[in-house]
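First the structure, in the form of structure tokens, and then the observations on it.
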Amino acid sequence: MISPLARRLRLGHAIRELREASGLTGAALGREAGLDRTAVSKVENGERRPLDTILKLLDVLLPESDERYLALQRVARDGLARGWWTGQEYAAMGARQARTAEIECGTRAILEYQPALLPGLLQTEAYARHRGQVALDDGADFDLGGTVAGRLRRQQQISGPDGAEYDVVLEPQAIERLPVPPTVMREQLHHLLTLATTRKNVSVRVLPVDARLGRGYVPRSPFSLYAYPDPEDLTLVAVDTVTTDLLITEALEAQRYARLFDQLRDAALSPEASADLIQKAADLLAAEA
Numbered sequence: 001m002i003s004p005l006a007r008r009l010r011l012g013h014a015i016r017e018l019r020e021a022s023g024l025t026g027a028a029l030g031r032e033a034g035l036d037r038t039a040v041s042k043v044e045n046g047e048r049r050p051l052d053t054i055l056k057l058l059d060v061l062l063p064e065s066d067e068r069y070l071a072l073q074r075v076a077r078d079g080l081a082r083g084w085w086t087g088q089e090y091a092a093m094g095a096r097q098a099r100t101a102e103i104e105c106g107t108r109a110i111l112e113y114q115p116a117l118l119p120g121l122l123q124t125e126a127y128a129r130h131r132g133q134v135a136l137d138d139g140a141d142f143d144l145g146g147t148v149a150g151r152l153r154r155q156q157q158i159s160g161p162d163g164a165e166y167d168v169v170l171e172p173q174a175i176e177r178l179p180v181p182p183t184v185m186r187e188q189l190h191h192l193l194t195l196a197t198t199r200k201n202v203s204v205r206v207l208p209v210d211a212r213l214g215r216g217y218v219p220r221s222p223f224s225l226y227a228y229p230d231p232e233d234l235t236l237v238a239v240d241t242v243t244t245d246l247l248i249t250e251a252l253e254a255q256r257y258a259r260l261f262d263q264l265r266d267a268a269l270s271p272e273a274s275a276d277l278i279q280k281a282a283d284l285l286a287a288e289a
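Once you know that position 271 of the sequence shown is 271 in full-length UniProt numbering, the rest is easy, because the numbers rise by one and skip nothing.
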């Protein structure tokens with residue numbers, strides 16, 4: 001399964017392009033399809049809509065004999081699929097994490113920059129549980145057990161022989177600071193080291209404080225970039241904020257983030273040197289125990 005959200009966003013982008021090429025406004029397309037303007041807007045924005053609504057729009061924009069009609073019909077059906085994150089077992093994982101799981105689904109590659117904490121795809125259960133408890137103590141409202149279970153299930157996206165390529169750049173404080181108890185952090189660092197040195201599809205790099213970044217630009221927020229096997233699918237970028245993830249779908253903006261990630265990766269330590277740094281941080285915690 002390819003991310004249903006990615007499929008819906010691709011469909012919405014294609015319908016908007018076809019509508020604009022036809023010289024139609026959203027309201028005019030809606031009238032010709034027997035729909036209101038709001039329905040057109042929701043489809044173009046990637047919201048989940050009934051298949052018959054989508055087909056009415058395609059019927060106006062393309063003849064059924066056009067190969068694009070059948071291709072977009074398949075994309076529309078993919079966009080209505082429901083993945084594991086919608087199951088009752090994971091109902092308590094929360095809307096924000098469920099959306100992340102949907103974006104991650106079926107990815108070919110995930111590129112991630114994290115300045116302060118270790119990302120969810122690399123967290124141990126204990127690390128995730130402690131960080132979740134901190135958020136609850138700060139006033140967040142979610143089910144801790146469900147959130148941890150969802151995070152561990154998401155990690156299957158990068159595990160196994162068919163796991164997505166996962167490339168992450170970390171700031172030193174992500175491995176040297178103690179956002180969890182020392183024993184939990186030590187376990188987490190050993191887990192991180194195992195993933196970084198034994199998984200061919202996982203690459204972990206640390207960006208040192210004295211890294212040469214050319215223009216010296218470091219992102220203000222963590223971000224993740226998602227690429228899918230089908231080149232017609234959009235490349236998506238999620239920018240992490242305190243309460244939500246800002247999803248970027250425009251190609252030019254996504255390309256800027258891709259270039260920025262390349263700069264960070266090029267300036268970071270090699271995977272081997274990064275592994276040595278992670279090992280030293282773990283050894284230091286062991287010595288202090």
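Heads up, the beta-carbon is just placed ideally off N, CA and C, and yes, glycines get one too.
Counterpart residues of residue i in DSSP-defined beta bridges
{"i": "L236", "result": "Y226"}
{"i": "V206", "result": "L170"}
{"i": "D245", "result": "D240"}
{"i": "E165", "result": "A109"}
Residue i, enclosing beta strand (DSSP E) - first and last residue
{"i": "A109", "result": "109-114"}
{"i": "D141", "result": "Segment: none, D141 is in no beta strand (DSSP E) and carries neither H nor E."}
Proximity winner among the options, relative to residue i (alpha-carbon distances)
{"i": "R177", "options": "A95, I278, L152", "result": "I278"}
{"i": "A119", "options": "Y90, E171, Y69, L9", "result": "A small correction: the amino acid at residue 119 is Pro; Ala does not occupy that position in the sequence shown. Minimum Cα distance to P119 is reached at E171."}
{"i": "A140", "options": "G12, R31, K280, T243", "result": "T243"}
{"i": "H13", "options": "R151, I248, D138", "result": "I248"}
{"i": "P4", "options": "E47, G26, L62", "result": "E47"}
{"i": "E44", "options": "E17, D66, E32, D276", "result": "E17"}
{"i": "L264", "options": "T198, V204, D245", "result": "V204"}
{"i": "R259", "options": "A281, V218, D245", "result": "V218"}
{"i": "D245", "options": "D276, A98, A275, A28", "result": "A98"}
{"i": "A28", "options": "L121, R8, L9, L61", "result": "L61"}
Assumed close pair residue i, residue j - CB separation to whole angstroms, cut-off 8 Å
{"i": "A234", "j": "Y257", "result": "A small correction: the amino acid at residue 234 is Leu; Ala does not occupy that position in the sequence shown. Their Cβ separation, rounded to whole angstroms, is 13 Å, which puts L234 and Y257 out of contact at 8 Å."}
{"i": "L117", "j": "R186", "result": "With a Cβ gap of about 16 Å, L117 and R186 do not count as contacting."}
{"i": "Q195", "j": "V202", "result": "A quick correction: the sequence has Leu, not Gln, at residue 195. Their Cβ separation, rounded to whole angstroms, is 5 Å, which keeps L195 and V202 in contact under 8 Å."}
{"i": "P229", "j": "D240", "result": "Contact flag wrong, Cβ pair sits at about 25 Å."}
{"i": "R153", "j": "Y69", "result": "Wrong, their Cβ atoms sit about 36 Å apart, outside the cutoff."}
Run of the alpha helix (DSSP H) containing residue i, from where it starts to where it stops
{"i": "M185", "result": "182-198"}
{"i": "G30", "result": "26-33"}
{"i": "L260", "result": "251-267"}
{"i": "S41", "result": "37-44"}
{"i": "L70", "result": "67-79"}
{"i": "G12", "result": "4-21"}
{"i": "E288", "result": "271-288"}
Residue i beta carbon near the ligand MG (any heavy atom closer than 8 Å)
{"i": "R96", "result": "With respect to small molecules bound, the structure shown includes none, and the ligand MG cannot be examined in it."}
*Counting pairs of beta carbons, one from the stretch 81-88 and one from the stretch 101-110, are three or more of them closer than 8 Å?*
These segments touch.
*asked:* Check whether the stretch 191-200 and the stretch 65-74 are in contact - that is, three or more C-beta pairs closer than 8 Å.
replied: Contact fails: fewer than three Cβ-Cβ distances are below 8 Å.
*Is the stretch 160-167 close to the stretch 107-126, with three or more CB pairs under 8 Å?*
Contact check between the stretch 160-167 and the stretch 107-126: three or more CB pairs, one atom from each, fall below 8 Å, which counts as touching.
*Does the pairing of the stretch 200-214 with the stretch 263-277 give three or more beta-carbon distances under 8 Å?*
Yes, the stretch 200-214 is in contact with the stretch 263-277.
*asked:* Between the stretch 56-68 and the stretch 32-44, can you find at least three pairs of beta-carbon atoms closer than 8 Å?
replied: Contact between the stretch 32-44 and the stretch 56-68 is present, with at least three C-beta pairs closer than 8 Å.
*Is the number of C-beta pairs between the stretch 139-156 and the stretch 178-186 that are closer than 8 Å three or more?*
No: fewer than three Cβ pairs fall under 8 Å.
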